[in-house]
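To start, the structure under review is shown below, and the notes come after it.
Chains as they are written, first to last, in the working numbering: chain V, 8 to 334; chain A, 8 to 334.
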């Protein structure tokens, strides 16, 4: 019996599902980072193969694989993946955009909008089951306002300004100094000077994109009522709303599907006390948050075989594809 | 006869002047980058020694050296410099902040403000001949709005947005594509997509701070009337004015001394047609632009010996210390 493989390759992990041509789920798998930009071409291709192997029931093979991934679709990466998946019978590899897989993870509709807010941010308009317009996704250096890097940078800037006496004090100061292992007493001028020096050094000693690791501090402090953190989170939410506005057109209402670590951790799951200020990214339109693009990759795999995925089949897929989330 | 050495160590070049205790200039010298952060500790110390050697008349020595430099004053760098300058008789090395040297390059006054807008930005309040308050200077990753990196990043963002159809067209597009050697025809959709892909790849392939090299394109395009470039330059000028405001206090009026590549190339030397929009950094207070901190390093060297530097002596120093500017 031939099967289908659907894979969602991300910068942290790769997720896979094996299913039959009727959409019945036969197995699930997970492995390490499968994005060639994040992990390198060969390690990423190996991660894709490992996730496929974990998902396929022992002794079975698959004829087609759909791989959802972010960024450029390089021929070199495709060749590495094809070579490895050939061992499982795969003769056809289809690469799809992770934004489309994310959208299809939240709805059976063929049109609407998708927004990813992870370390970076990107939004898309979907029409006729394809991406019609993509905005953002230029990376940390050129934009991606509202993403994890941007939030982490705003957090550090707020802390430096507070230590410097340029801006108001914030609970983020102790949080950030603690997270970076900086020992200094901000109650005294000498301690503040030392804290700034250590903080700036620590930030420049790491990869710039590592600032994204500090983003969760903003959500926690905002939830605890810190006004500085709250302003950062509200500004992030507004930036995401602006990004979504950039792809919206009047003749296409929704739905809106959102995903990514920022969405999962903070902006959409803000405590009720903050919800008035935290403009939802969709500005009034119903929003569905999804953990990843795996359900959508399965939807796309079925559609690539010519099968139709209606609401009922979509709901069965969504119920069956539940990978335990990593810690 | 004992002499004094005054040195201004920057990220691009190191400048030196030898003078006697009456402030008579005996020689000038220039060498390569003398900032340990930019060049490394040993190469920077060697550049300092090379500039000193070039400035000292043959066969003469100096007992004291004042070295103006940006950033942290590390003991390791000081030791390397002391060891090398000992060969020229130097028994006392004084490290001063480049902001103070810049200020003293523009005025004999003991109080006022200094602003550096190069790749990054930093401002200071000077009182009693010392730095009383310093704001900014956190580097490209954490701020420095209005500096060369910031301007270069805004230029690339404007070009990407223009190519993407998100923002208005700008003459910067051809300028940036040309500067980065990108071949694509933005008149067609496929050309725009290719241009964005190449542009983003080129930017991430370089050091982030290399974005500063694109800043001069903004000044040139703004001068030629491009509204997008003009907005970038005006925003930079406003950011510099804000930075200066952050150190200003009512009881200390000025003067204001400014320096750095952004000041030299663009914001303050904007053509008359732009001058209405280009708020001068000092917002109404007289501004003196200086090419570097070498005159100020000489002023500081004399003051460290206990000598007074009044307006007349300052003007003589300024007239005598004229290094040819590198191309």
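Ideal Cβ placement from N, Cα and C applies to all residues, glycine included.
What are the residues in the segment 199–223 of chain V lying within 7 Å of chain A by C-beta distance? Those residues of the segment 199–223 of chain V that come within reach of chain A (Cβ to Cβ, closer than 7 Å) are 207, 210, 211, 215.
Got a sec? Which residues, its chain only, sit under 6 Å from residue 282/A by beta carbon, not counting five neighbours each side? Here residue 282/A is taken as the residue at index 275 of the second chain, counted from 1. Model confidence at residue 282/A stands at a pLDDT of 38, short of 50, so the residue's coordinates are unreliable; what they give is reported in the following sentence. Once the five neighbours on either side are set aside, residue 282/A has no close Cβ partner at all.
Can you list the residues of chain V that residue 184/A reaches, using a CB-CB cut of under 8 Å? Locating residue 184/A in the second chain gives position 177, where the first residue counts as 1. Within chain V, no residue has its CB atom less than 8 Å from the CB of residue 184/A, the nearest being about 15 Å off.
Tell me the rounded alpha-carbon separation between residue 162/V and residue 144/A. In the first chain, residue 162/V corresponds to position 155, counting from 1. In the second chain, residue 144/A corresponds to position 137, counting from 1. Residue 162/V and residue 144/A have their C-alpha atoms spaced approximately 17 Å apart.
Against residue 148/A, what residues of chain D qualify as contacts under a CB-to-CB distance less than 8 Å, listed in chain order? Although the question refers to chain D, the structure presented lacks it and instead comprises the protein chains V and A.
Extent of the continuous alpha helix (DSSP H) to which residue 311/A belongs: Here residue 311/A is taken as the residue at index 304 of the second chain, counted from 1. Going by DSSP, residue 311/A is part of the alpha helix (DSSP H) stretching over 301–311.
With H, G and I counted as helix, E and B as strand and the rest as coil, what does DSSP make of residue 283/A? Walking along the second chain from the start, residue 283/A turns up at place 276. Low local confidence applies: a pLDDT of 35 at residue 283/A is under 50, so the model's placement there is unreliable, and no value is given.
Return no unless some Cβ of chain A is closer than 8 Å to the Cβ of residue 255/V. Locating residue 255/V in the first chain gives position 248, counting from the first residue. Residue contact with chain A for residue 255/V: absent (no Cβ-Cβ distance below 8 Å to any residue of chain A).
Looking at the structure shown, is residue 253/V part of a helix, part of a strand, or coil, going by DSSP? As a first step, residue 253/V is located in the first chain; it is residue number 246 there, counting from the start. Correct three-state label for residue 253/V: helix.
Quick check on residue 185/A: does DSSP put it in helix, strand or coil? Here residue 185/A refers to the residue found at position 178 when the second chain is read from its first residue. Helix.
Close Cβ partners of residue 137/V (< 8 Å) along its chain, the five nearest in sequence each way excluded: Indexing the first chain from 1 puts residue 137/V at position 130. Here the set comprises 107.
Would you call the segment 119–137 of chain A and the segment 252–271 of chain A in contact, with 3 or more CB pairs under 8 Å? Yes: the two stretches touch, three or more of their Cβ pairs being nearer than 8 Å.
For the beta strand (DSSP E) that residue 322/A lies in, which residues bound it at each end? Taking the first residue of the second chain as position 1, residue 322/A is located at position 315. Where residue 322/A is concerned, there is no enclosing beta strand (DSSP E), although the alpha helix (DSSP H) it sits in stretches over 318–327.
Examine chain V for any beta-carbon lying closer than 8 Å to the beta-carbon of residue 173/A, and answer yes or no. Here residue 173/A is taken as the residue at index 166 of the second chain, counted from 1. Judged by the 8 Å Cβ criterion, residue 173/A is in contact with chain V.
Ignore the nearest five residues each way along the sequence and tell me which others in residue 109/A's own chain have a CB closer than 7 Å to its CB. By 1-based counting over the second chain, the position of residue 109/A is 102. 121, 123, 264, 266, 297, 300, 303.
Locate the beta strand (DSSP E) running through residue 142/V, then write down its first and last residues. Taking the first chain and counting its residues from 1, the one referred to as residue 142/V is at position 135. For residue 142/V, the enclosing beta strand (DSSP E) stretches over residues 137–143.
Extent of the continuous beta strand (DSSP E) to which residue 95/A belongs: Translated into the one-based positions of the second chain, residue 95/A becomes position 88. Looking at the DSSP string, residue 95/A is not in any beta strand (DSSP E), and its letter there is neither H nor E.
According to DSSP, is residue 66/A helix, strand or coil? One-based indexing of the second chain puts residue 66/A at position 59. In the structure shown, residue 66/A sits in coil (DSSP, three-state: anything other than H, G, I, E or B).
Per DSSP, residue 211/V is paired with what? Within the first chain, numbered from 1, the residue matching residue 211/V stands at position 204. DSSP output for residue 211/V lists no bridge partner at all.
Based on DSSP bridge pairs, tell me the residues matched to residue 100/A. Against the second chain, residue 100/A aligns to sequence position 93. In the DSSP output, where bridge partners are listed per residue, residue 100/A has 72/A.
Would you verify that the beta carbon of residue 134/A is, or is not, closer than 8 Å to some beta carbon of chain V? Here residue 134/A corresponds to residue number 127 of the second chain, with the count starting at 1. No, residue 134/A lies away from the interface with chain V (no Cβ there is under 8 Å from its Cβ).
As assigned by DSSP and simplified to three states, the class of residue 190/V: On the first chain, residue 190/V is found 183 positions in, with the first residue counted as 1. Secondary structure at residue 190/V: coil, using DSSP grouped into helix, strand and coil.
Since residue 209/A and residue 198/A are thought to touch, with beta carbons under 8 Å apart, how far apart are those beta carbons, to the nearest angstrom? If you number the second chain from 1, residue 209/A lands on position 202. If you number the second chain from 1, residue 198/A lands on position 191. Cβ-Cβ separation between residue 209/A and residue 198/A: approximately 16 Å, too far for a contact (criterion under 8 Å).
Hey, would you say residue 179/A sits closer than 8 Å to residue 166/A, going by beta carbons? For the purposes of this step, residue 179/A is taken as residue 172 along the second chain, with counting starting at 1. For the purposes of this step, residue 166/A is taken as residue 159 along the second chain, with counting starting at 1. It is a contact, given that the beta carbons lie within the stated cut-off.
Those residues which DSSP pairs with residue 21/A across a bridge: In the second chain, counting from the first residue as 1, residue 21/A sits at position 14. Answer by DSSP bridge pairing, in chain order: 16/A, 38/A.
Backbone CA spacing between residue 75/V and residue 83/A [nearest angstrom]: Here residue 75/V refers to the residue found at position 68 of the first chain. Here residue 83/A refers to the residue found at position 76 of the second chain. Looking at the two C-alpha atoms, the distance is approximately 51 Å.
By a C-beta neighbour count over all protein chains shown, 10 Å radius and 16 as the cutoff for buried, is residue 43/V buried or exposed? One-based indexing of the first chain puts residue 43/V at position 36. A residue is called buried once 16 or more other Cβ atoms fall within 10 Å of its Cβ, and residue 43/V is buried on that count.
So what's residue 26/V in DSSP terms, helix, strand or just coil? If you number the first chain from 1, residue 26/V lands on position 19. Three-state result, residue 26/V: strand.
Rounded C-alpha distance that separates residue 294/V from residue 117/V: Taking the first chain and counting its residues from 1, one reaches residue 294/V at position 287. Taking the first chain and counting its residues from 1, one reaches residue 117/V at position 110. In a straight line, the C-alpha of residue 294/V is about 16 Å away from that of residue 117/V.
Could you give the distance in angstroms between the alpha-carbon of residue 151/A and the alpha-carbon of residue 328/V? In the second chain, counting from the first residue as 1, residue 151/A sits at position 144. In the first chain, counting from the first residue as 1, residue 328/V sits at position 321. Taking the straight line joining both Cα atoms gives about 47 Å.
If I follow the unbroken alpha helix (DSSP H) through residue 44/A, where does it start and stop? For the purposes of this step, residue 44/A is identified with residue 37 of the second chain, where counting begins at 1. Residue 44/A -> alpha helix (DSSP H) spans 43–46.
Presumed contact (8 Å Cβ cut-off) between residue 72/A and residue 38/A, rounded CB distance: One-based indexing of the second chain puts residue 72/A at position 65. One-based indexing of the second chain puts residue 38/A at position 31. With a Cβ gap of about 14 Å, residue 72/A and residue 38/A do not count as contacting.
Can you say whether residue 53/A is buried or exposed, counting buried as having 16 or more other CB atoms within 10 angstroms of its CB? Position 46 of the second chain, counted from the first residue, corresponds to residue 53/A. Buried is the call here.
I'd like to know if residue 85/V contacts chain A, where contact means its C-beta is closer than 8 Å to some C-beta of that chain. Taking the first chain and counting its residues from 1, the one referred to as residue 85/V is at position 78. At least 8 Å separates the CB of residue 85/V from every CB of chain A.
In whole angstroms, what separates the C-alpha of residue 45/V from that of residue 25/A? Mapped onto the first chain, residue 45/V falls at position 38. Mapped onto the second chain, residue 25/A falls at position 18. Their Cα atoms are separated by approximately 53 Å.
According to DSSP, is residue 114/A helix, strand or coil? The sequence position of residue 114/A within the second chain is 107, counting from 1. When secondary structure is reduced to three states using DSSP, residue 114/A falls in the coil class, being assigned neither helix nor strand.
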